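Scroll down for the structure; my scribbles are underneath it.
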Amino acid sequence: MTYVKALALFSGGLDSILATRLIMEQGVEVEAIQFVTPFFHYDLLDDIEGHVERMHNKYGIKVILEDISPGYLQLLHNPAHGFGKNFNPCIDCKILMFSRAKEMLAERGASFLISGEVLGQRPMSQRRDTLNVIERDSGTRSLLLRPLCAQLLKETLPELQGWVDRSKLLRFSGRGRSDQIAMAARYGITDFPAPAGGCTLADPILGRRIEKLYSTDSRLQGAEITAVDIRLLLVGRQFILPGGGWLILGRDEKENNTLEKLAGEDDALLLMEDWPGPTAVLRKIASHSVSDVDVREVLNLAAAMVVHYGRKLPVGKTSGEVTCTFGGNRILLRAAPAVDESYRNWGIL
Ligand code: SF4
Numbered sequence: 001m002t003y004v005k006a007l008a009l010f011s012g013g014l015d016s017i018l019a020t021r022l023i024m025e026q027g028v029e030v031e032a033i034q035f036v037t038p039f040f041h042y043d044l045l046d047d048i049e050g051h052v053e054r055m056h057n058k059y060g061i062k063v064i065l066e067d068i069s070p071g072y073l074q075l076l077h078n079p080a081h082g083f084g085k086n087f088n089p090c091i092d093c094k095i096l097m098f099s100r101a102k103e104m105l106a107e108r109g110a111s112f113l114i115s116g117e118v119l120g121q122r123p124m125s126q127r128r129d130t131l132n133v134i135e136r137d138s139g140t141r142s143l144l145l146r147p148l149c150a151q152l153l154k155e156t157l158p159e160l161q162g163w164v165d166r167s168k169l170l171r172f173s174g175r176g177r178s179d180q181i182a183m184a185a186r187y188g189i190t191d192f193p194a195p196a197g198g199c200t201l202a203d204p205i206l207g208r209r210i211e212k213l214y215s216t217d218s219r220l221q222g223a224e225i226t227a228v229d230i231r232l233l234l235v236g237r238q239f240i241l242p243g244g245g246w247l248i249l250g251r252d253e254k255e256n257n258t259l260e261k262l263a264g265e266d267d268a269l270l271l272m273e274d275w276p277g278p279t280a281v282l283r284k285i286a287s288h289s290v291s292d293v294d295v296r297e298v299l300n301l302a303a304a305m306v307v308h309y310g311r312k313l314p315v316g317k318t319s320g321e322v323t324c325t326f327g328g329n330r331i332l333l334r335a336a337p338a339v340d341e342s343y344r345n346w347g348i349l
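Using this note's numbering, the first residue of the sequence shown is number 1, and each one after it goes up by one.
Written out as structure tokens, the structure reads:
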């Protein structure tokens with residue numbers, strides 16, 4: 001039998017698991033490419049080996065993580081096919097992923113692509129005309145096999161070449177999930193993620209936050225939006241201080257730790273060492289965020305916010321001591337808690 005290898009576009013959802021398994025069953029070697037951006041699956045980069053092992057043990061699938069953050073951050077400025085209901089550029093997102101997967105064919109010695117798309121399952125990105133646009137703009141026409149609905153679509157290269165048997169492919173369509181669940185049961189797969197979860201761009205609240213970062217008049221935006229900007233934007237309470245300083249405050253220990261980890265050299269990190277309260281990041285304070293207002297003044301405002309969101313000060317104490325690490329320096333700021341009237345308008349979503 002001829003040796004053939006395919007790459008699967010793998011979201012980690014049930015459809016992509018089933019599509020991969022269906023093609024593996026035909027004797028094709030499949031590597032499943034799971035794309036990562038700050039908007040989805042980014043945390044997997046913290047433990048790549050663990051994730052690869054979990055996917056192998058759970059589904060018998062070999063997963064490879066591929067970080068496409070830089071291209072994706074650019075794409076969001078002006079996606080050619082626009083946005084969905086929220087800030088989700090689903091069509092361009094798929095075009096970007098499919099284009100990258102096509103490049104990876106040569107890199108990984110594979111001959112064709114597969115995806116778990118089902119005709120008519122999603123209103124925007126899985127209509128027949130949209131599937132055609134995605135194939136056309138990513139240059140994957142004929143190279144891309146959609147095993148779950150292949151019998152409803154034109155024959156593709158792997159079918160024409162006899163690498164896969166079309167008669168064993170499926171004709172799923174529409175939004176129902178019962179066929180997929182029954183098929184999963186046949187493979188002994190019972191534990192899989194809920195459909196369409198995990199993309200922050202499709203989330204109405206987080207999507208709006210990200211949109212704000214991308215809006216042209218945004219005071220959050222630096223010369224270039226980075227993955228760290230997005231990760232910070234998705235954590236904790238968010239404010240823009242008078243003068244333009246972007247302040248992020250953790251709401252619990254986990255968020256405080258995340259902020260500490262994400263703070264860069266240009267950022268100020270603030271916290272009360274001797275009193276419970278949030279960790280805060282004042283983003284890029286050293287370079288561009290603050291315009292006319294004195295940096296010290298902005299740091300004092302940030303410190304007042306840290307004290308405000310900390311545990312209530314003991315009776316008789318009117319201010320808290322906030323340590324601020326900034327540009328290699330460590331300074332102590334004494335601040336009274338910010339009062340509601342002053343910061344109410346500073347919040348961003
Ligand atoms: S929901 Fe998010 S990850 Fe999925 S296609 Fe749309 S933009 Fe891409």
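Glycine is no exception: its CB is placed at the ideal position from the N, C-alpha and C atoms.
Bear in mind that the values here come from a model prediction, so they are computed numbers and not experimental data.
Quick check: does the Cβ of N78 come within less than 6 Å of any heavy atom belonging to ligand 1? no
Helix, strand or coil at K81 [DSSP, three-state]: The question names Lys, yet the displayed sequence has His at residue 81. Looking at H81 - three-state DSSP - the assignment turns out to be coil, as it is neither helix nor strand.
Mind checking whether A280 and L249 have CB atoms under 7 Å apart? yes
Ligand 1 heavy atom lying under 6 Å from the CB of A202: A202 Cβ: within cutoff of ligand 1.
Identity of the residues DSSP links to V30 by a beta bridge: A6
List the whole-angstrom C-beta distance separating D67 from P79, where the pair is believed to meet the contact cut-off of C-beta under 8 Å. Wrong, their Cβ atoms sit about 19 Å apart, outside the cutoff.
Could you check whether the Cβ of N86 sits closer than 6 Å to any heavy atom belonging to ligand 1? For ligand 1, not one heavy atom lies less than 6 Å from the Cβ of N86.
Mapping the DSSP letters down to three states, classify F172 as helix, strand or coil. coil
Grouping DSSP H, G and I as helix and E and B as strand, with all else coil, what is T279? coil
Look at the alpha carbon of L233 and the alpha carbon of D203, and state the distance between them as a whole number of angstroms. 13 Å
Grab the span of the beta strand (DSSP E) containing R330 for me, first residue to last. N329 to A335
Could you have a look at N11 and say whether DSSP puts it in helix, strand or coil? It is Ser, not Asn, that sits at residue 11 in the sequence shown. S11 falls in the coil class under three-state DSSP.
Would you decide whether K154 is buried or exposed? Buried here means 16 or more other CB atoms lie within 10 Å of its CB. For K154, the number of other beta carbons within 10 angstroms of its own is below 16, and it is reported as exposed.
Could you have a look at S178 and say whether DSSP puts it in helix, strand or coil? helix
Tell me, to the nearest whole angstrom, how far the beta carbon of L152 is from that of L119; I am working on the premise that it is less than 8 Å. Rounded to whole angstroms, the Cβ separation of L152 and L119 is 5 Å, and the two are in contact under 8 Å.
From which residue to which residue does the beta strand (DSSP E) around F388 run? Outside the displayed range of the chain (1 to 349) lies residue 388, so it cannot be described from this structure.
Can we count C93 as close to ligand 1, meaning its CB is less than 6 Å from some heavy atom? Within the cutoff, so yes.
Does the segment 155-174 touch the segment 15-29, meaning 3 or more C-beta pairs lie closer than 8 Å? yes
DSSP-derived helix/strand/coil call for K284: coil
Status (buried if at least 16 other CB within 10 Å, exposed otherwise) for E159: Buried.
Please state whether the Cβ-Cβ distance between I134 and K85 is less than 7 Å. no
Can you name the residues that DSSP bridges to F366? No statement about residue 366 is possible, as the shown extent of the chain runs from 1 to 349 and does not include it.
Please check the pair G116 and L148, which I expect to be a contact at CB under 8 Å, by giving their CB distance rounded to whole angstroms. 6 Å
With 16 as the cutoff for other CB atoms within 10 Å, does I48 come out buried or exposed? exposed
Look up G320 in the DSSP assignment and give the residues it is bridged to. Per DSSP, the beta bridge partners of G320 are A335.
By the 10 Å Cβ neighbour count, where 16 or more other Cβ atoms means buried, how is Q238 classified, buried or exposed? buried
Buried or exposed: which applies to V21, given that a residue is buried once 16 or more other Cβ atoms fall within 10 Å of its Cβ? The question names Val, yet the displayed sequence has Arg at residue 21. By the 10 Å Cβ count, R21 comes out buried.
Express the C-alpha separation of L14 and R122 in angstroms, rounding to a whole number. 15 Å
Mind checking whether M55 and I64 have CB atoms under 7 Å apart? In this structure, I64 does not lie closer than 7 Å to M55 by Cβ.
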